[in-house]
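Top line first, the protein sequences correspond to chains C and X.
Each step along the first sequence adds one to the number in the numbering used here, with nothing skipped, and position 14 is 60.
Each step along the second sequence adds one to the number in the numbering used here, with nothing skipped, and position 55 is 532.
To start, the structure itself, in structure tokens.
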Amino acid sequence: AQSVTQPDIHITVSEGASLELRCNYSYGATPYLFWYVQSPGQGLQLLLKYFSGDTLVQGIKGFEAEFKRSQSSFNLRKPSVHWSDAAEYFCAVGVSGGSYIPTFGRGTSLIVHP
Amino acid sequence: NAGVTQTPKFRVLKTGQSMTLLCAQDMNHEYMYWYRQDPGMGLRLIHYSVGEGTTAKGEVPDGYNVSRLKKQNFLLGLESAAPSQTSVYFCASSYGGSPTDTQYFGPGTRLTVL
């Protein structure tokens, strides 16, 4: 079965600084990979997803993520963080075949200092 | 378009009481899902449905029942609530079961069982 690990429970950055949130997955073949964001009191919103092709994926709100097969990673990045980016971020992995259901990581809480 | 809505937003139950959470979507989606979110645990799938009249168990189905009598609604029932079911419950829907089908999430229901 597939699994996903987000090593960082909390990340603190200053506004305007760059951001990288880590995500590692475990799956034998090429997985489907997702990043979601959850603002306080809200449901999850899809930021970006990777299925195949170009390993650098662009998403909404200025986020991007890079798939690195050799490291089994799909890290999320943003060059300059805004205070409104403070939220919980979830990485998810899915596999093909049957009824597709993604498996979610435990989440990383992003704190943005002014 | 309201998207995915959940009723109620908050609820407090006593141990042994029953209740039903309602999820409604107006996007004509086939697939619907119920997740629970606990601190440090990410999202865990309780039950899901691949179409009207169908339901299937997810990762943590014990203590819950579901029904999908109408395509637009997905009900989650707790027959005899336990403190371990204190959680935030999220409903989601997607057009189909392919990884290319984005999941859309509701705002969540915060349930406390005393």
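C-beta atoms are modelled at their ideal positions from N, C-alpha and C, and glycine is treated no differently.
(1) DSSP puts Q502 of chain X in a beta bridge; with which residues?
(2) Alpha carbon to alpha carbon, what distance is there between Y512 of chain X and S570 of chain X?
(3) Please classify R37 of chain C: does DSSP put it in a helix, a strand, or coil?
(4) Under 7 Å between beta-carbons, which chain C residues line up against Y525 of chain X? List them in chain order, please.
(5) For a contact meaning CB atoms closer than 8 Å, what does M518 of chain X contact in chain C?
(6) For D131 of chain C and V158 of chain C, what's the separation of their Cα atoms in angstroms?
(7) Could you check what DSSP says for Q72 of chain C in three-state terms: helix, strand or coil?
(8) Would you say K95 of chain C reaches chain X, if we count a Cβ-Cβ gap shorter than 9 Å as a contact?
(9) In whole angstroms, what separates the C-alpha of L94 of chain C from that of P538 of chain X?
(10) Could you give the DSSP three-state label for D515 of chain X: helix, strand or coil?
(11) How many Å lie between V103 of chain C and S557 of chain X at the Cα?
(12) Nearest-angstrom Cα distance between V139 of chain C and K547 of chain X?
(13) State yes or no: is the beta carbon of P538 of chain X nearer than 9 Å to at least one beta carbon in chain C?
(14) Does the Cβ of T484 of chain X have 16 or more other Cβ atoms within 10 Å, making it buried, or fewer, making it exposed?
(15) Rounded to whole angstroms, what is the Cα-Cα separation between F109 of chain C and V527 of chain X?
(16) Just to make sure I have the definition right: I need the residues of chain C whose C-beta is within less than 7 Å of the C-beta of L522 of chain X. Which are they?
(17) Indicate the three-state DSSP secondary structure (helix, strand or coil) for Q549 of chain X in the structure shown.
(18) Applying the criterion that 16 or more other CB atoms from any shown protein chain within 10 Å of the CB defines a buried residue, is K124 of chain C buried or exposed?
(19) Using a Cβ distance threshold of 8 Å, determine whether the segment 493-508 of chain X contacts the segment 566-583 of chain X, with at least three qualifying pairs required.
(20) Does any residue of chain X bring its CB to less than 9 Å from the CB of G99 of chain C?
(21) Taking 9 Å as the CB-CB limit, is Q580 of chain X close to chain B?
(22) If I measure Cβ to Cβ from Q48 of chain C and keep anything under 8 Å in the same chain, skipping five residues before and after, which residues do I get?
Put simply:
(1) By one-based count along the second sequence, residue 502 of chain X stands at place 25. According to DSSP, which records beta bridges pairwise, Q502 of chain X is partnered with X:V481.
(2) For the purposes of this step, residue 570 of chain X is taken as residue 93 along the second sequence, with counting starting at 1. For the purposes of this step, residue 512 of chain X is taken as residue 35 along the second sequence, with counting starting at 1. S570 of chain X and Y512 of chain X: Cα-Cα distance of roughly 11 Å.
(3) Outside the shown range of chain C, which is 47 to 160, sits residue 37 of chain C, and nothing can be said about it.
(4) The residue labelled residue 525 of chain X in the question sits at position 48 within the second sequence. For a Cβ distance threshold of 7 Å, residue set I147 of chain C lies close to Y525 of chain X, ordered along the chain.
(5) Counted from its first residue, the second sequence places residue 518 of chain X at position 41. What M518 of chain X touches in chain C: R152.
(6) The residue given as residue 131 of chain C occupies position 85 in the first sequence. The residue given as residue 158 of chain C occupies position 112 in the first sequence. Taking the Cα positions, D131 of chain C is about 7 Å away from V158 of chain C.
(7) For the purposes of this step, residue 72 of chain C is taken as residue 26 along the first sequence, with counting starting at 1. Looking at the sequence provided, one finds Ser at residue 72 of chain C rather than Gln. In the three-state scheme derived from DSSP, where H, G and I count as helix and E and B as strand, S72 of chain C is classed as strand.
(8) The residue you call residue 95 of chain C lines up with position 49 of the first sequence. For K95 of chain C, the answer is yes, since a Cβ of chain X falls inside 9 Å of its Cβ.
(9) For this step, residue 94 of chain C is matched to residue 48 along the first sequence. For this step, residue 538 of chain X is matched to residue 61 along the second sequence. Approximately 29 Å, taken between the alpha carbons.
(10) If you number the second sequence from 1, residue 515 of chain X lands on position 38. Secondary structure at D515 of chain X: strand, using DSSP grouped into helix, strand and coil.
(11) As a working mapping, residue 103 of chain C is identified with position 57 in the first sequence. As a working mapping, residue 557 of chain X is identified with position 80 in the second sequence. Roughly 45 Å between the two C-alpha positions.
(12) Counting from 1 along the first sequence, the entry for residue 139 of chain C is found at position 93. Counting from 1 along the second sequence, the entry for residue 547 of chain X is found at position 70. Rounded to whole angstroms, the separation of the alpha carbons of K547 of chain X and V139 of chain C is 29 Å.
(13) Here residue 538 of chain X is taken as the residue at index 61 of the second sequence, counted from 1. P538 of chain X does not count as touching chain C.
(14) Within the second sequence, residue 484 of chain X is the residue found at index 7, counting from 1. Label assigned to T484 of chain X: exposed.
(15) Numbered from 1 along the first sequence, position 63 holds the residue referred to as residue 109 of chain C. Numbered from 1 along the second sequence, position 50 holds the residue referred to as residue 527 of chain X. Between F109 of chain C and V527 of chain X, the C-alpha separation is close to 31 Å.
(16) As a working note, residue 522 of chain X is residue 45 in the second sequence. For L522 of chain X, the chain C residues whose Cβ falls inside 7 Å of its Cβ are I147, in order along the chain.
(17) Here residue 549 of chain X corresponds to residue number 72 of the second sequence, with the count starting at 1. It is coil, neither helix nor strand.
(18) Translated into the one-based positions of the first sequence, residue 124 of chain C becomes position 78. Buried, by the Cβ-count rule.
(19) Contact between the segment 493-508 of chain X and the segment 566-583 of chain X is present, because at least three Cβ pairs lie under 8 Å.
(20) As a first step, residue 99 of chain C must be located in the first sequence, where it is residue number 53. Contact with chain X is absent for G99 of chain C, since none of that chain's Cβ atoms lies less than 9 Å from the residue's Cβ.
(21) Annotation note: the requested chain B is absent from the structure, which comprises protein chains C and X.
(22) Along the first sequence, one-based indexing puts residue 48 of chain C at 2. The residues are Y71, S72, Y73, P77, V139, G140, V141, T149.
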